[in-house]
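Chains as they are written, first to last, in my numbering: chain R, 2 to 253; chain X, -16 to 399; chain S, 115 to 515.
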């Protein structure tokens, strides 16, 4: 299961060593090496096509890396379905386009995975779902269909759905990019609350205000590598690379 | 002063007479241009003439006795003739089958909570009970037949109470019991050798609308899972499996059903050992099912292609294994998206059951045609008979489209 | 890792847990299952043919068929071979399909346009037509028309219109061109084809000139005039050079004591009923396809076109129709295929189409060989339609950019 027991420290929850990925001939990830500690909030940013989305999708095997190692909570990510399933149980993801199941009510959206995968009894799953809906602020929407909700509400349901599996890590792939400005705040509030309560988060976003407040570390991706990383103060105050300066100047 | 006149709202006036009401709508719709006015007048004249002659023929000239002469044979074919059921009256067996159907419909009504299911259940039971009062003499349509027809009403009530007051009131139980009812009906009709009252009746005597309905139900029921399997096989990455599925689908779609049916008469007996029991009904059911599943596969494939890949990704990211993703997320949505073509396929299947005449089975169309051919005194009334047949089919198929529209509404297709 | 497990592993992961292994194994297993089923079916049939001494082989094709075929578009006598009889039956099906497709398209477009009319009465009437003819089985409709045709008066008391058209229960007889001089007829037909091509060339030249320079030209009129004049000149020349005009009109005439019609072209009752039934049935589906196609073109398009000054007709021709065509053509082609397959019901009302003749053939020839032949024939027809559909799809895809 685990590659090298001695080099794993228990607070390193995600370890990536020299991860490469190709789409056909296109080399999208060119040797990503990084570690993420338990409880850390990492904000990933960078120009489009730089591989940020691909990177976080490799962590829960929505994309497959062709070279290098990825170890999540001590389990190595290989072609072994046992490992993949175990990792997916512990990693939640929130997508840019919400991807809620339109034919199920909000309550069923949230309880489907706990019931089928974690084998939770239905009553328990529903109680859990209601707690999560309260936590994200929309308990009254439980019996509605996703199409009846606003974008911000849908994204919050998506967050609740991911949280229902009680993951150790939450991935966010540009969660607010598809939202109207009024709704961005309500989603960021939920994410902020999650960060302060100690969840390990990797967030792809261009909401720099949010990053400055909440991130422990920021990573800039460019052309498949991590161009620069550091604390928000370091990145905003003293960016080292030209590309970072250029990118920041365009979005602030 | 100035502010007064500005804040005073302008009075709300009613629209002019010519814009509203029947006259207004007619003006807007039918007479809004010279061309349109001319077309309206022409259409009204044509329709009036058609109605005049048509109704005149229906009410005065047409002789509808051909239908009552053919009578029960339109419903059950030759099931009850002496050769089929020597010494006994076997008519109770299809009637018992109908009672089972009504019972299951009653359950479905309660489980669904009203709406379309309630209307269908009431319609079926009501029409069956109404048949008990047909103006035949008691010698032609005995008291036992009438009582069994009336029994459909209490059967409906029994089904409804079963669903309401016992633990059988769920959708899964209703589905299981529907399949059981179908199988039981088959057994009832076929008979069991050695059991009193259930002497075997050969399938060559089965006929009438009962035959069409049974073939349609079996075909629809079985072509659904086979069609799904074919659609998934067609999308497989294994080239051999994909090629086989494509060949199957294209072959069954490229050849007329009637040709397949009469080929099956010769080929299917060859494929099985000589003493293997089989009959025309089985062969017809197999061919119709395979034919329909080829079309179903293409419809479902279209539905799967129209899905947003993000759905399946979200399901996999949550940890749902591949087959559960397909079963709970992808397939339900794919099918929801293609309900109109699927129901269209079901309607076609029902209409295609009339083609079994080519293998010698007497469905409702063939039995009517054979009747006209065998009784030339009714030749002049063939038109009436076939118009009646057309109406019977129309009622069933329009019912199916109606149910499909309501199902679509209920599932919120196009809204969510 | 224990050695046994190592053999059962792929990429270091036991195969029952390997993502790729699971996918491939399940698909291979399904593939094997299907192959086994199909092989079992065909092998059993092969064995049964051997064991039960069932005749097979294609030698019968050169035997004489010895059975009349009711209607035929090619000359046929009972002493012709099985193979030729098969070809005659196939042409029967093909001809009915072509005529049926043309008529059904025309009627279907008409009903579809009515359905979209803003005139409530006409729209509802079209709706009633569509809902009725779509939902009643074709077989019932065919029988209905057949019995109507049967109810027509017999030949001697039939309807006669202006001494040229005869309608009775043997069919409808109309004047028809007949070949007078075979060689000249062929020559004229070839010349006519050339004339049409030249007329089209004139038309496109003129259209291009109109587009480039702006001078109006009646390109269509000129094109038609060119084609017509070439055709007429050729006709005159050939008539003078040969034995009279290449084609003459043959009139139907009652002959003999029973007044049987000879000459002209007689469409037998079965064929008329089949055509009416097929056309009215398929037209109802085509009407819905046309409606879906036109409605798929957003209303904004029509509004924009009218706003820049295009007339209603011009909008229809240049804006709505080309876009609607994309949505209409693929399902339309599958309806054409359906019509061709539905023509196989012709046997029920006595028309000798391919299926009917093949079925009769199986009484005197090996059934299995005949099955192979009709499957091949129908599959060839359906592949032709698929090919046309694919060509059209490719054509619009490259033009769409």
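Using N, Cα and C, we set each Cβ at its ideal position, and we do this for glycine too. Quick caveat, the model's predicted, so the values are computed rather than measured.
9 Å Cβ cut-off: residues of chain R touching residue i
i: residue 127(S); result: 79, 80, 81, 82, 83 and 84
Spatial distance of residue i from residue j (CA atoms)
i: residue 92(X); j: residue 185(S); result: 54 Å
i: residue 205(S); j: residue 214(S); result: 14 Å
i: residue 389(X); j: residue 5(X); result: 30 Å
i: residue 100(R); j: residue 87(R); result: 22 Å
i: residue 243(S); j: residue 228(S); result: 11 Å
i: residue 227(X); j: residue 145(S); result: 8 Å
i: residue 211(X); j: residue 234(R); result: 56 Å
i: residue 206(R); j: residue 91(R); result: 22 Å
i: residue 4(R); j: residue 19(R); result: Any answer about residue 4(R) is weak, because its pLDDT of 48 lies below 50 and its placement is not dependable; what the coordinates show is given next. Roughly 14 Å between the two C-alpha positions.
i: residue 135(R); j: residue 27(R); result: 44 Å
i: residue 134(X); j: residue 112(X); result: 7 Å
i: residue 49(X); j: residue 36(X); result: 21 Å
i: residue 264(S); j: residue 368(S); result: 20 Å
i: residue 256(S); j: residue 454(S); result: 15 Å
i: residue 286(S); j: residue 183(S); result: 19 Å
7 Å Cβ shell around residue i - same chain, five flanking residues per side excluded
i: residue 308(X); result: 295, 298 and 299
i: residue 338(S); result: 313
i: residue 350(X); result: 56, 57, 60, 190 and 191
i: residue 364(S); result: 289, 290, 292, 377 and 378
Given residue i as reference, the closest of the options once Cα atoms are compared
i: residue 376(S); options: 154(S), 266(S) and 284(S); result: 284(S)
i: residue 74(X); options: 214(X), 291(X), 130(X) and 38(X); result: 130(X)
i: residue 110(R); options: 57(X), 311(X) and 377(X); result: 311(X)
i: residue 479(S); options: 147(S), 142(S) and 170(S); result: 170(S)
i: residue 208(S); options: 468(S), 360(S) and 488(S); result: 468(S)
i: residue 265(X); options: 185(X), 99(X), 380(X) and 323(X); result: 185(X)
i: residue 230(R); options: 33(R), 12(R) and 11(R); result: 33(R)
Partner residues on chain X for residue i, Cβ-Cβ distance less than 9 Å
i: residue 104(R); result: 312, 315, 316, 319, 394, 395 and 399
i: residue 347(S); result: Chain X residues near residue 347(S): none, gap ~41 Å exceeds 9 Å.
Under 8 Å from the C-beta of residue i: neighbouring residues of chain S
i: residue 227(X); result: 145, 148, 149 and 152
Neighbouring residues, chain X, relative to residue i (Cβ below 7 Å)
i: residue 107(R); result: Those within 7 Å of residue 107(R) in chain X number zero; the least Cβ separation is about 12 Å.
i: residue 114(R); result: 301, 302 and 303
i: residue 98(R); result: 293
i: residue 469(S); result: 239, 241 and 242
i: residue 166(R); result: 301 and 302
Identified DSSP bridge partners for residue i
i: residue 60(X); result: 189(X)
i: residue 30(R); result: 22(R)
i: residue 81(R); result: 132(S)
i: residue 228(S); result: DSSP, once it has assigned bridges, lists no residue as partnering residue 228(S).
i: residue 382(S); result: 285(S)
i: residue 17(R); result: 35(R) and 71(R)
i: residue 174(R); result: 205(R)
i: residue 93(R); result: 171(R)
i: residue 219(R); result: 44(R) and 231(R)
Amino acids of chain R, ordered along the chain, whose beta-carbon sits closer than 7 Å to that of residue i
i: residue 131(S); result: 81, 82 and 83
i: residue 142(S); result: Ordered by position in chain R, no residue passes the 7 Å Cβ test against residue 142(S), which lies about 17 Å from the chain.
i: residue 182(X); result: Here the premise fails: no neighbours, minimum Cβ distance about 49 Å.
i: residue 297(X); result: 96 and 100
Residues that residue i contacts on chain S, provided the C-beta gap is smaller than 9 Å
i: residue 377(X); result: 245, 246, 249 and 250
Spatial neighbours of residue i in its chain, beta-carbon cut-off 8 Å, leaving aside the 5 residues before and after
i: residue 98(R); result: 179
i: residue 165(R); result: 111, 112, 114, 115, 126, 129, 130 and 133
i: residue 502(S); result: 447
Residues of its chain near residue i, where Cβ-Cβ distance is below 6 Å and the 5 sequence neighbours each way are ignored
i: residue 199(S); result: 179
i: residue 164(X); result: 83 and 87
i: residue 1(R); result: No statement about residue 1(R) is possible, as the shown extent of chain R runs from 2 to 253 and does not include it.
i: residue 138(X); result: 82, 85 and 86
i: residue 204(R); result: 44 and 173
Near the ligand COA: residue i beta-carbon under 7 Å from a heavy atom
i: residue 389(S); result: Among the components modelled here there is no ligand, and therefore nothing to report on the ligand COA.
Interface residues of chain R facing residue i [CB-CB closer than 8 Å]
i: residue 307(X); result: 117
Contacts that residue i makes with chain X (C-beta to C-beta distance below 8 Å)
i: residue 89(R); result: 299, 300, 301 and 302
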